[in-house]
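Take a look at the structure set out below.
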Amino acid sequence: MPKFQSTQIHEFITQTCEAMGSAQREATLVADQLVEANLAGHDSHGVGMLPSYVDGVLNGRLQINSHPTVVVDNGALITFDGNAGYGQVNGFEAMQAATERAGEYGVAVVGLRNSYHIGRIGHWAEQCAASGYASLHLVNVIGHPPLVAAYGGAEARFGTNPFCAAVPGRNGRPGFLLDMATSIIAAGKARVAANKGVKVPPDTIIDADGNLTDDPNAFWYTDPSGRRGGALVAFGDHKGSGLAIMCELLGAALLGGETAHPKNARDGRIINNMLSVVIDPGAMGNAEAYLDEIEAFRDFVLESKLRADCDQILVPGQPEDVAREQRAEGFEVDPVTVDQLRNSAQRAGVSESVVRETFG
Ligand code: NAD
């Protein structure tokens, strides 16, 4: 598979966004997040998302050069409307406000509603951790048909609704970072698997007849009326399904955002709503004791005897750190995604020479 330097892909993304009219800062924020997702090992939220952003801009559903606007400002509590602008700008500016308010009040509760796709949620927890803050993020996904079935159901009723929580470590990086879709696999992972022609893990998809399967194409199946026939399975049976439902309610309804209900418009946009709670550890207790405590706990977890069928123990956030080390010299992009990128760059108006410089 073709391998690329992160700087090459970063440049390609900024050029594509700028060709469609984005200001340089916006294009850079988009490129930063997508490339960092690839580097963290999450190709589902990396450069492969760019074609859907190009579609969004060209069909007028993704607003360029837009900023989040304040809907409610009650000191430690702020709600923003993302105005269907780039999630990379909305997320960055909402987290900037969140860390400023957490510095002032010890805690900030920030709602971001109606943003275009905000990508890998761990990115926002990392921004909070870089300022020394712990954070929780509950997110829903609407705008396209639902993707995930409620426990017991065979039809999709909500999005892959990610949950993320992180505590800061000593070096401006999260000490622990849990960042996960509430479906067993993220929808993007089914897209990457279908593009590569490989299976997904067993029993992670429900086909149109209600059977569990490992075929990613069963998820993308749509009936002649255009209704999606497949669904993703929520993790942990009723527990993951319940957490996904709380992401709809706390992550969206509570802040005036829309839930994945059929009465809410479905026009093919990828809209996220996110509730973030950002906490200054120094304001809650003793910041130094807290850092000692999380390090001691990490050692205790990692020193456990291994389960018979496992060959290692990792803490949340560690797989991403391992991927960053492995991908420091570049990362692979599968040929189907490369074709999609070439095609979307042309539609965005990127010059043929830039496309050739990147992809040969
Ligand atoms: P994943 O299953 O790869 O990882 C989930 C979490 O588990 C991570 O915190 C990871 O560090 C940890 N982890 C992974 N393997 C581990 C192991 N062996 N031991 C211990 N911990 C381990 O992630 P996912 O659920 O596929 O989600 C991928 C990304 O998709 C996330 O970044 C998420 O934010 C993003 N996402 C975004 C949206 C959106 O609409 N914006 C929707 C869904 C998912």
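Start counting the sequence shown at 12; every next residue gets the next number (our numbering).
We put the CB at the ideal spot given by N, CA and C, even for glycine.
These figures come from a predicted structure and were not determined experimentally.
Selected residue, minimal CA-CA separation from residue i, among the options
{"i": "Arg239", "options": "Leu266, Phe169, Glu340", "result": "Phe169"}
{"i": "Gly130", "options": "Pro156, His56, Arg72", "result": "His56"}
{"i": "Val333", "options": "Glu363, Phe15, Leu254, Leu50", "result": "Leu50"}
{"i": "Ser355", "options": "Met60, Ala145, Ile282, Val326", "result": "Met60"}
{"i": "Pro179", "options": "Arg335, Ala294, Leu302", "result": "Leu302"}
{"i": "Asp248", "options": "Asp214, Val365, Ile89", "result": "Asp214"}
{"i": "Phe370", "options": "Val344, Leu261, Glu340, Trp231", "result": "Val344"}
{"i": "Pro157", "options": "Ala198, Leu88, Gly143", "result": "Ala198"}
{"i": "Ala95", "options": "Gly117, Asn284, Gly296, Ile20", "result": "Asn284"}
{"i": "Leu45", "options": "Gln35, Gly52, Val58, Ser33", "result": "Val58"}
{"i": "Arg36", "options": "Lys316, His78, Gly122, Leu254", "result": "His78"}
{"i": "Arg415", "options": "Lys207, Gly164, Ala176, Gly154", "result": "Not covered by the structure: residue 415. The range shown for the chain is 12 to 371."}
{"i": "Asp278", "options": "Ala109, Asp54, Tyr127, Val82", "result": "Tyr127"}
{"i": "Glu115", "options": "Gly164, Pro292, Trp135", "result": "Pro292"}
{"i": "Ile75", "options": "Gly52, Ala30, Pro13", "result": "Ala30"}
{"i": "Met191", "options": "Gln357, His148, Gln351, Tyr144", "result": "His148"}
{"i": "Ala360", "options": "Asp54, Ala38, Leu69, Pro13", "result": "The displayed chain sequence assigns Gly, not Ala, to residue 360. Taking only the C-alpha atoms, the option nearest Gly360 is Leu69."}
{"i": "Asp66", "options": "Glu368, Leu88, Gln351", "result": "Gln351"}
{"i": "Thr80", "options": "Gly86, Ser315, Ile216, Asp92", "result": "Asp92"}
{"i": "Gly122", "options": "Gly208, Pro346, Leu286", "result": "Leu286"}
{"i": "Ala307", "options": "Gly186, His134, Gly267, Ala229", "result": "Gly186"}
{"i": "Gly251", "options": "Thr90, Thr39, Ala108, Phe174", "result": "Phe174"}
{"i": "Ala140", "options": "Ala109, Gly183, Gly163, Met106", "result": "Gly183"}
{"i": "Thr348", "options": "Ala176, Arg181, Val82, Ala204", "result": "Ala204"}
{"i": "Ala161", "options": "Ile256, Thr18, Ala339", "result": "Ile256"}
{"i": "Ala245", "options": "Ser236, Ile196, Ile281", "result": "Ile196"}
Identified DSSP bridge partners for residue i
{"i": "Met191", "result": "Phe174"}
{"i": "Lys14", "result": "Glu343"}
{"i": "Tyr127", "result": "Ile282"}
{"i": "Pro179", "result": "Pro185"}
{"i": "Ala145", "result": "Ile290"}
{"i": "Leu243", "result": "Val159, Ile216"}
{"i": "Leu88", "result": "Val120"}
{"i": "Val150", "result": "Met285"}
{"i": "Gln44", "result": "Beta-bridge pairing links Gln44 to no other residue."}
{"i": "Gln74", "result": "Gly96"}
{"i": "Thr39", "result": "In the DSSP output, where bridge partners are listed per residue, Thr39 has none listed."}
{"i": "Thr233", "result": "Arg239"}
Start and end residues, alpha helix (DSSP H) containing residue i
{"i": "Val68", "result": "61-69"}
{"i": "Met31", "result": "First-last for Met31: undefined, no H or E at that position."}
{"i": "Met106", "result": "98-116"}
{"i": "Asp303", "result": "298-313"}
{"i": "Val58", "result": "Segment: none, Val58 is in no alpha helix (DSSP H) and carries neither H nor E."}
{"i": "Ser364", "result": "363-370"}
Three-state secondary structure (DSSP) of residue i
{"i": "Arg318", "result": "coil"}
{"i": "His372", "result": "An answer regarding residue 372 cannot be provided, because it is not within the stretch 12 to 371 covered by the chain."}
{"i": "Ile324", "result": "coil"}
{"i": "His155", "result": "coil"}
{"i": "Pro213", "result": "coil"}
{"i": "Ala201", "result": "helix"}
{"i": "Thr270", "result": "coil"}
{"i": "Gly122", "result": "strand"}
{"i": "Val81", "result": "strand"}
{"i": "Asn275", "result": "coil"}
{"i": "Gly360", "result": "coil"}
{"i": "Gly133", "result": "helix"}
{"i": "Ile196", "result": "coil"}
The beta strand (DSSP E) enclosing residue i, as first and last residue numbers
{"i": "Ile256", "result": "Careful: Ile256 lies outside any beta strand (DSSP E), inside the alpha helix (DSSP H) at 248-262."}
{"i": "Met285", "result": "282-290"}
{"i": "Asp225", "result": "Here Asp225 belongs to no beta strand (DSSP E), and DSSP marks it neither H nor E."}
{"i": "Ala334", "result": "Premise fails: Ala334 lies in the alpha helix (DSSP H), 329-337, not in any beta strand (DSSP E)."}
{"i": "Arg168", "result": "167-169"}
CB contact below 8 angstroms: residue i versus chain D
{"i": "His148", "result": "Included in the structure is just one protein chain, with no chain D present."}
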